[in-house]
Amino acid sequence: MDPIERAAELFAVLSHAGRLRVLALLEQRCDLTVGELQEELGIERTALSHQLRILRDAALVRVTPEGKHKRYALADHHVAHIVRDAVAHVAEEGAR
Numbered sequence: 030m031d032p033i034e035r036a037a038e039l040f041a042v043l044s045h046a047g048r049l050r051v052l053a054l055l056e057q058r059c060d061l062t063v064g065e066l067q068e069e070l071g072i073e074r075t076a077l078s079h080q081l082r083i084l085r086d087a088a089l090v091r092v093t094p095e096g097k098h099k100r101y102a103l104a105d106h107h108v109a110h111i112v113r114d115a116v117a118h119v120a121e122e123g124a125r
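Last residue of the sequence shown? That's 125 in my numbering, and every number before it is there in order.
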């Protein structure tokens, strides 16, 4: 698959507001458990777990086991830039 097709798949994953909220929070707070994400975002646990699985499958988040819990973090700095730039772009567009 060429890079443009892969980028299109990436943007398809990012097209869900709930997933963007998860990524934005992880960009701000780094490693968080499902419980911490759920508390911050107010998302039902099953829905959150589903979104995290999609983000993990798309290689946008990494998971680190910690005892009975798993910690989620952004996969790399590129993910943070994509989310930050997208939010800044629409905020700037809204100000016009």
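Glycine included, each C-beta is placed from N, C-alpha and C at the ideal position.
Return helix, strand or coil for residue i, following the three-state DSSP convention.
i, result
"H45", "coil"
"L39", "helix"
"A102", "strand"
What residue range does the alpha helix (DSSP H) around residue i cover?
i, result
"E68", "V63 to L70"
Along the chain, where does the beta strand (DSSP E) that runs through residue i open and close?
i, result
"E73", "First-last for E73: undefined, no H or E at that position."
Assess contact between the region 66 to 83 and the region 107 to 120, defined as three or more Cβ pairs (one per stretch) separated by less than 8 Å. Is contact present? When C-beta atoms of the region 66 to 83 are compared with those of the region 107 to 120, fewer than three pairs fall below 8 Å, so the two segments do not count as touching.
Across the region 34 to 44 and the region 54 to 67, are there enough close Cβ pairs to call them in contact, namely three or more that are closer than 8 Å? No: the two stretches stay apart, fewer than three of their Cβ pairs being nearer than 8 Å.
If we count Cβ pairs, one from each stretch, closer than 8 Å, do we get three or more for the region 84 to 96 versus the region 48 to 55? Here the region 84 to 96 lies against the region 48 to 55, with 3 or more beta-carbon pairs under 8 Å apart.
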